[in-house]
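Protein chains in written order, with the working numbering: chain A, 621 to 801; chain B, 341 to 725.
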């Protein structure tokens, strides 16, 4: 079983991201489970959402404490929350940031920084970074394919909103795949 | 069988639609809200031919269901926590009037202090109300139990209301793969509602009337007998459910690696999934631990419990509730069921108000039970006491 923890602020679509990543994984033939850290849904407040991936039916119901992957939607969270808690060697941390900062990473954790806000502003016209970071996650982790991710986004959004979110996800996916971050 | 991935609450709403209730009345409350929002949309979109009655409180919601059920309609409601507490008077009325109402409970803690998070104190509070109480381990069970509940409740030999309990947030808000059955199969299993008797202006009767001391005791006896009969009805229809849908519900208690276990954990609801994962890890370390999952709390399957646990040498009960001043409600029942067996039964009150329960907690509890330490609140933060 592999586990993903998404850190964001209320209103950034972290729960939606978790649900769409789980949907993408499931439609591609893997058991998945997505759920939020419950009851903290205030705009701007630190929130978490979780995804599990497994080849077998998932029974575990506790929150995720030792994630294989983290996504951080807002790098200022790092001052408030130990986003790297429980990570170990081989893990992947994807952080939305425009700055090249030094992070106190656990040993052996691979860091990927991407300016998802810039991509989201250019592609979607709003600083909502969840779909961009989902594209980065797909490329970096290999847990979900770009096709499955596109399908999941289109299952949630319609028309132009779906198109722009898919574009943002694809752009981030390709940047990671081509090592342009 | 076609698996889809969706939120538990939406799965419940879609399944209730398949059961074709004619009247739905509910009042939104966290974490039940998505269920009744879902049903309101389903009715508004014309996907279900039902009357959705908006009300100003949970008391009115269940009152509306009682009226509609007495008038011969299949009805549905859902609530949790304070909403269920506010319903209390009519919860007992619905049962005493022997109305086959099905109500989803997205289990949540009870105030005060206010908590919107999960435990099972709310439905346990209604232990003595004369409703059937089923507990789901996952969302598949939550939706299956809704279908099963209609079948059991509407049997003219039963005529009782039922709570289908599934842990708030932990199940209601999780996205996971689920098989939503076809309308054809649900129709085949549940069939149309045939009221045993109903309010009819041309043939007037009364429900829930005055019972003088010459009659009240007999009403209560017959109600108790019906709840007890429900055990066999659940088994019978649970088996039939398995034949139609491929998932068996013919047992009120389900063992996991229990046959050769020395230590048995007894639990209800979603925590059973975490317990199973912990058991697999403990088994790999050579510890013979098993689980008894209580799917049905009322009627309480005492005989089944005693039989399933007869061979173990220690029983650890996980209670997501507490009867303050006594023990957890499940432990009280397990002790009664195992009376005379000399197997020690240890109670662990845990997970109250949304406190997360992890595999390592289950392992610690097994260690405690092995040492004979129990009947405690597990996981207390001493520094805040």
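For every residue, glycine included, the Cβ atom is placed at its ideal position computed from N, Cα and C.
Proximity test, Cβ basis, 8 Å: residue i and chain B
{"i": "residue 656 of chain A", "result": "yes"}
{"i": "residue 639 of chain A", "result": "yes"}
{"i": "residue 777 of chain A", "result": "no"}
{"i": "residue 668 of chain A", "result": "no"}
{"i": "residue 652 of chain A", "result": "yes"}
{"i": "residue 757 of chain A", "result": "no"}
Inter-residue Cα distance where the pair is residue i and residue j
{"i": "residue 731 of chain A", "j": "residue 713 of chain A", "result": "5 Å"}
{"i": "residue 715 of chain A", "j": "residue 756 of chain A", "result": "10 Å"}
{"i": "residue 537 of chain B", "j": "residue 665 of chain B", "result": "42 Å"}
{"i": "residue 380 of chain B", "j": "residue 370 of chain B", "result": "16 Å"}
{"i": "residue 395 of chain B", "j": "residue 417 of chain B", "result": "12 Å"}
{"i": "residue 712 of chain B", "j": "residue 690 of chain B", "result": "18 Å"}
{"i": "residue 667 of chain B", "j": "residue 783 of chain A", "result": "56 Å"}
{"i": "residue 490 of chain B", "j": "residue 544 of chain B", "result": "26 Å"}
{"i": "residue 694 of chain A", "j": "residue 522 of chain B", "result": "43 Å"}
{"i": "residue 301 of chain B", "j": "residue 653 of chain A", "result": "Not covered by the structure: residue 301 of chain B. The range shown for chain B is 341 to 725."}
{"i": "residue 351 of chain B", "j": "residue 520 of chain B", "result": "7 Å"}
{"i": "residue 505 of chain B", "j": "residue 443 of chain B", "result": "9 Å"}
{"i": "residue 422 of chain B", "j": "residue 685 of chain B", "result": "31 Å"}
{"i": "residue 469 of chain B", "j": "residue 733 of chain A", "result": "57 Å"}
{"i": "residue 657 of chain B", "j": "residue 540 of chain B", "result": "48 Å"}
{"i": "residue 408 of chain B", "j": "residue 695 of chain B", "result": "38 Å"}
{"i": "residue 789 of chain A", "j": "residue 780 of chain A", "result": "14 Å"}
{"i": "residue 401 of chain B", "j": "residue 456 of chain B", "result": "20 Å"}
{"i": "residue 681 of chain A", "j": "residue 516 of chain B", "result": "11 Å"}
{"i": "residue 626 of chain B", "j": "residue 619 of chain B", "result": "10 Å"}
{"i": "residue 571 of chain B", "j": "residue 563 of chain B", "result": "14 Å"}
{"i": "residue 573 of chain B", "j": "residue 739 of chain A", "result": "59 Å"}
{"i": "residue 761 of chain A", "j": "residue 699 of chain B", "result": "26 Å"}
{"i": "residue 415 of chain B", "j": "residue 392 of chain B", "result": "10 Å"}
{"i": "residue 583 of chain B", "j": "residue 525 of chain B", "result": "11 Å"}
{"i": "residue 631 of chain A", "j": "residue 658 of chain A", "result": "14 Å"}
{"i": "residue 791 of chain A", "j": "residue 752 of chain A", "result": "8 Å"}
Below-8 Å beta-carbon distance, residue i vs any chain A residue
{"i": "residue 374 of chain B", "result": "no"}
{"i": "residue 610 of chain B", "result": "yes"}
{"i": "residue 616 of chain B", "result": "yes"}
{"i": "residue 407 of chain B", "result": "no"}
{"i": "residue 442 of chain B", "result": "no"}
Within chain A, partners of residue i - CB distance below 7 Å
{"i": "residue 510 of chain B", "result": "681"}
{"i": "residue 613 of chain B", "result": "679, 680, 681"}
Own chain residues within Cβ distance below 8 Å of residue i, not counting five before or after
{"i": "residue 548 of chain B", "result": "433, 436, 437"}
{"i": "residue 710 of chain B", "result": "603, 654"}
{"i": "residue 646 of chain B", "result": "677, 678, 681"}
{"i": "residue 656 of chain A", "result": "634, 635, 638, 667, 668, 669, 670"}
{"i": "residue 629 of chain A", "result": "663, 664, 665, 666, 667, 693, 694, 697"}
{"i": "residue 745 of chain A", "result": "784"}
{"i": "residue 594 of chain B", "result": "632, 633, 635"}
Spatial neighbours of residue i in its chain, beta-carbon cut-off 7 Å, leaving aside the 5 residues before and after
{"i": "residue 510 of chain B", "result": "458, 610"}
{"i": "residue 353 of chain B", "result": "375, 378, 379, 382"}
{"i": "residue 461 of chain B", "result": "449, 450, 661"}
{"i": "residue 725 of chain B", "result": "none"}
{"i": "residue 622 of chain B", "result": "629, 703, 706"}
{"i": "residue 721 of chain B", "result": "none"}
Contact set between residue i and chain B, taken where Cβ atoms lie within less than 7 Å
{"i": "residue 646 of chain A", "result": "345, 517"}
{"i": "residue 642 of chain A", "result": "345, 515"}
Neighbour list for residue i in chain B, Cβ cutoff strictly below 8 Å
{"i": "residue 768 of chain A", "result": "Those do not exist, as residue 768 of chain A stays about 11 Å from chain B at its closest Cβ, beyond 8 Å."}
Nonlocal neighbours in the same chain, by C-beta distance under 6 Å from residue i, ignoring five residues either side
{"i": "residue 644 of chain A", "result": "764, 768, 769, 772"}
{"i": "residue 508 of chain B", "result": "371, 420, 446, 447, 448, 458"}
{"i": "residue 774 of chain A", "result": "782"}
{"i": "residue 678 of chain A", "result": "651, 653, 672"}
{"i": "residue 663 of chain B", "result": "669"}
{"i": "residue 579 of chain B", "result": "590"}
{"i": "residue 496 of chain B", "result": "536"}
Beta carbon proximity, residue i to chain E, threshold 8 Å
{"i": "residue 711 of chain B", "result": "Considering every chain present, this structure includes no chain E. Its protein chains are A and B."}
Using a Cβ-Cβ cut-off of less than 9 Å, list which residues of the region 676-688 of chain A approach chain B; keep chain order.
-> 677, 678, 679, 680, 681, 682, 683, 685
Compile a chain-ordered list of the residues in the region 690-720 of chain B whose CB is closer than 8 Å to at least one CB of chain A.
-> Within the region 690-720 of chain B, the residues whose Cβ lies closer than 8 Å to some Cβ of chain A are 694, 696, 697, 698, 699, listed in chain order.
Which residues, in order along the region 450-469 of chain B, keep a beta-carbon less than 7 Å from a beta-carbon of chain A?
-> 456, 457
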